[in-house]
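In this text, residue positions in the sequence shown follow the working numbering: the first is 806, and each later residue adds one.
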Amino acid sequence: MDHAASTDIRIATPDEDVRLNTFIQGFLSDNGFPFIMVRSDPDLDTGAALKRVMFETDELTRRFYDAWSSYALGDRRRLARGRA
Numbered sequence: 806m807d808h809a810a811s812t813d814i815r816i817a818t819p820d821e822d823v824r825l826n827t828f829i830q831g832f833l834s835d836n837g838f839p840f841i842m843v844r845s846d847p848d849l850d851t852g853a854a855l856k857r858v859m860f861e862t863d864e865l866t867r868r869f870y871d872a873w874s875s876y877a878l879g880d881r882r883r884l885a886r887g888r889a
């Protein structure tokens, strides 16, 4: 196993946390259930949470980051149009 990179995701609301958890479950299923580590750190200043997501390889971490970024961007656009 190579030294894996991590990606940080800021979670502002409980709904965002649920969406992230659901997304992670789907990503794991689609990718053969690789090893994953998710660390949660609360941001005491803002009340948000920071999730650090790390997979067993840099490649999986990058794929996750790309997939989550696309999903989250689409989610924000749907919310802006009132269709979440």
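Using N, Cα and C, we set each Cβ at its ideal position, and we do this for glycine too.
Bear in mind that the values here come from a model prediction, so they are computed numbers and not experimental data.
Just how far apart, CA to CA, sit residue i and residue j?
i    : j    : result
F828 : I841 : 13 Å
N836 : F869 : 10 Å
A853 : S834 : 27 Å
Who are the Cβ neighbours of residue i in its own chain at under 7 Å, not counting the five residues just before and after it?
i    : result
A872 : F832
L855 : D813, R815, D846, D848
Hey, would you say residue i sits closer than 9 Å to residue j, going by beta carbons?
i    : j    : result
V823 : V843 : no
T866 : A817 : no
Under the assumption that residue i contacts residue j (Cβ atoms under 8 Å), give the Cβ distance between them as a whole number of angstroms.
i    : j    : result
R839 : E861 : Reading the sequence as shown, one finds Pro at residue 839 and not Arg. P839 to E861, Cβ: 5 Å. Contact.
Residue range of the alpha helix (DSSP H) that residue i falls in?
i    : result
F828 : 819-835
Could you give the first and the last residue of the continuous beta strand (DSSP E) run that contains residue i?
i    : result
P847 : 841-847
F860 : 854-860
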